[in-house]
Amino acid sequence: MERKTLPGNIRKNIQIGDEVTIVQKHHQRSGELTEGFVKRILTSSPTHPHGIKVMLETGEVGRVKEVFPEED
140 MERKTLPGNI RKNIQIGDEV TIVQKHHQRS GELTEGFVKR ILTSSPTHPH
190 GIKVMLETGE VGRVKEVFPE ED
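Count along the sequence shown starting at 1, add 139, and that's the number in our numbering.
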């Protein structure tokens with residue numbers, strides 16, 4: 140079964156503790172994705188065309204590409 144994902148450019152889709160994939164600043168050219176759990180949401184605006192900026196629990200910072208919401 141395929142996992143349900145939400146787009147990462149809408150702030151209301153992202154909650155603290157959600158599993159997400161991000162692209163870090165130095166990986167933007169290659170598009171390399173990093174998976175982790177959201178510790179802080181750094182973008183204050185409701186949307187951002189390149190993805191909402193977050194900090195993962197590991198301390199890595201990047202823009203969210205996909206959100207994996209908790210299954211009900």
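Backbone N, C-alpha and C define an ideal beta-carbon position, used for all residues, glycine too. Treat the numbers as computed from the prediction; the structure is a model and nothing was measured.
Asked	Found
I'd like the span of the beta strand (DSSP E) that includes I102, first residue to last.	Residue numbering for the chain in the displayed model covers 140 to 211; residue 102 lies beyond these limits and cannot be assessed.
Using CA atoms only, rank isn't needed, just tell me which of F176, G201, T197 is closest to F207.	F176
Enumerate, from N- to C-terminal direction, the unbroken alpha helix (DSSP H) stretches of 4 or more residues contained entirely within the segment 178-202.	none
Please report the straight-line C-alpha distance between T173 and S184, rounded to a whole angstrom.	23 Å
When you compare only the Cα positions, how much space is there between E196 and Q167?	20 Å
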